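Counting with numbering that gives the first Met the number 0, you get residues 0 to 276 for the letters of the sequence shown. In this text, a Cβ means the ideal position worked out from N, Cα and C, and glycines have one as well. Bear in mind the structure is a predicted one, so any value in this text is a computation, not a measurement. Below is one structure; the comments refer to it alone.
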Amino acid sequence: MLLPITVGLIMTMFINGMALLTGGHEMSATFMNFYNKQGIGVLPAYSTFVMLATAIVQLTSSILLVWALVKRFLQGDRSGVLLKWGIWMALVSVVLYGFATRMISNHQAAANLFYYTGLLYVLLWYVERQSMGMVQRFEQVKLLPMFFTLLYTMGQPGIQKLFFAEAVVPKYVMMFKDTFLAQLPGGIPPFIYMLGVFEALVAVLMVVSLVRLEFLPTRPKTTLSLALLLGSLTFIMLTFGLSILLNYPGATNLVFYAVFCLFFYIYAVKHTHDVAL
Numbered sequence: 000m001l002l003p004i005t006v007g008l009i010m011t012m013f014i015n016g017m018a019l020l021t022g023g024h025e026m027s028a029t030f031m032n033f034y035n036k037q038g039i040g041v042l043p044a045y046s047t048f049v050m051l052a053t054a055i056v057q058l059t060s061s062i063l064l065v066w067a068l069v070k071r072f073l074q075g076d077r078s079g080v081l082l083k084w085g086i087w088m089a090l091v092s093v094v095l096y097g098f099a100t101r102m103i104s105n106h107q108a109a110a111n112l113f114y115y116t117g118l119l120y121v122l123l124w125y126v127e128r129q130s131m132g133m134v135q136r137f138e139q140v141k142l143l144p145m146f147f148t149l150l151y152t153m154g155q156p157g158i159q160k161l162f163f164a165e166a167v168v169p170k171y172v173m174m175f176k177d178t179f180l181a182q183l184p185g186g187i188p189p190f191i192y193m194l195g196v197f198e199a200l201v202a203v204l205m206v207v208s209l210v211r212l213e214f215l216p217t218r219p220k221t222t223l224s225l226a227l228l229l230g231s232l233t234f235i236m237l238t239f240g241l242s243i244l245l246n247y248p249g250a251t252n253l254v255f256y257a258v259f260c261l262f263f264y265i266y267a268v269k270h271t272h273d274v275a276l
């Protein structure tokens with residue numbers, strides 16, 4: 000079962016990595032604007048650098064995965080060390096790409112990359128179950144991509160709602176002006192600020208979790224568990240908002256976010272705890 004998936008991952012990482020590495024700013028802009036209804040003409044200055052880093056990590060991932068297949072099928076290596084590192088590098092590339100799209104508010108691309116991160120962790124979980132032995136260095140860093148994707152996924156919209164409210168809140172007021180929420184005391188703004196507080200709080204909890212070194216296998220994951228729970232609840236509140244607008248695709252995407260928070264919890268808290276024992 001691993002063979003076709005690994006080959007597909009190799010092709011994806013290699014082809015996209017080469018395109019970004021050789022295509023320059025124009026190719027970076029193309030990748031950044033995937034799924035955007037209206038393409039962003041002027042991208043942030045850092046975007047080209049982030050996409051270049053993404054390309055390098057993608058190519059590194061493809062090399063490690065090819066090497067892993069050679070060792071597995073030609074040399075009988077069942078340790079899974081190279082396969083784990085290859086998937087981890089793919090995770091890092093997806094997180095970097097997700098960061099770039101999230102910063103320009105390309106919501107659909109950022110959502111797909113969030114789900115991609117979750118599915119790669121499912122793949123990594125399967126590889127770990129099929130492999131023999133543990134690699135200490137890998138165990139120490141394997142959760143870091145998850146930490147950073149949760150940090151910017153929640154932090155960026157939270158900061159926008161709380162510190163750039165004059166640009167953000169009027170859009171939500173217009174969006175929900177014909178719903179019952181507009182008739183409640185205070186109208187729409189209190190709900191937007193509340194969501195901003197929850198989103199920012201998740202980001203703060205992720206920073207605290209990083210400081211407490213909860214990404215290490217032997218550390219309790221108390222703060223991380225709380226951040227994932229609050230993140231999941233926040234996504235469900237956002238789902239409610241889009242549901243009353245009858246925005247079925249958007250509401251479904253947000254349910255997916257909550258489900259993938261559960262995936263992250265199972266992998267980071269339950270699975271890592273069992274492995275550590």
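*State the DSSP-derived secondary structure class of Leu215, mapped to helix, strand or coil.*
Here DSSP, grouped into helix, strand and coil, assigns Leu215 to coil.
*Have a look at Gln129 and Lys83 and give me their C-alpha separation to the nearest angstrom.*
11 Å
*Answer with buried or exposed for Gln155, where buried requires no fewer than 16 other C-beta atoms within 10 angstroms of its C-beta.*
buried
*Residue interval of the alpha helix (DSSP H) (run including Gln129)*: His106 to Gln129
_For Lys282 and Leu63, what's the separation of their Cα atoms in angstroms?_
There is no way to answer for residue 282, as the model of the chain reaches only from 0 to 276.
*If you draw a straight line from the alpha carbon of Pro188 to that of Phe162, how long is it in whole angstroms?*
The C-alpha of Phe162 is placed about 13 Å away from the C-alpha of Pro188.
*How big is the Cα-Cα spacing for Thr116 and Tyr96?*
If I take the Cα positions, the gap works out to 11 Å.
*From Phe263 to Leu183, what distance separates their C-alpha atoms?*
So the alpha carbons of these two residues sit roughly 36 Å apart.
*Does the stretch 51-61 come close enough to the stretch 71-81 that 3 or more CB-CB pairs lie under 8 Å?*
no
*Val12 to Tyr114, Cα distance in whole Å?*
The question names Val, but residue 12 is Met in the sequence shown. So the two alpha carbons sit approximately 17 Å from each other.
*Inspect the CB distances between the stretch 161-179 and the stretch 214-222 and report whether three or more fall short of 8 Å.*
A contact is defined here as three or more CB-CB pairs under 8 Å, and the stretch 161-179 fails this definition with respect to the stretch 214-222.
*Take Ala108 and list the residues in its own chain whose beta-carbon comes closer than 6 Å to its own, dropping the five residues that flank it on each side.*
Phe33, Tyr34 and Thr100
*Grab the span of the alpha helix (DSSP H) containing Asn252 for me, first residue to last.*
Tyr247 to Tyr264
*Cut-off 8 Å between Cβ atoms - residues of its own chain near Ile265, not counting five sequence neighbours on either side*: none
*asked:* DSSP three-state label for Pro169, please.
replied: Reduced to three states, the DSSP call for Pro169 is helix.
*Would you check if the distance between the CB atom of Ala18 and the CB atom of Ser60 is smaller than 8 Å?*
no
_Three-state secondary structure (DSSP) of Phe163_ = coil
*Is it the case that the Cβ atoms of Leu204 and Leu225 are separated by a distance below 8 Å?*
With contacts defined by Cβ atoms closer than 8 Å, Leu204 and Leu225 form a contacting pair.
_Taking a contact to mean a Cβ-Cβ separation below 8 Å, would you say Leu261 touches Ser231 in this structure?_
yes
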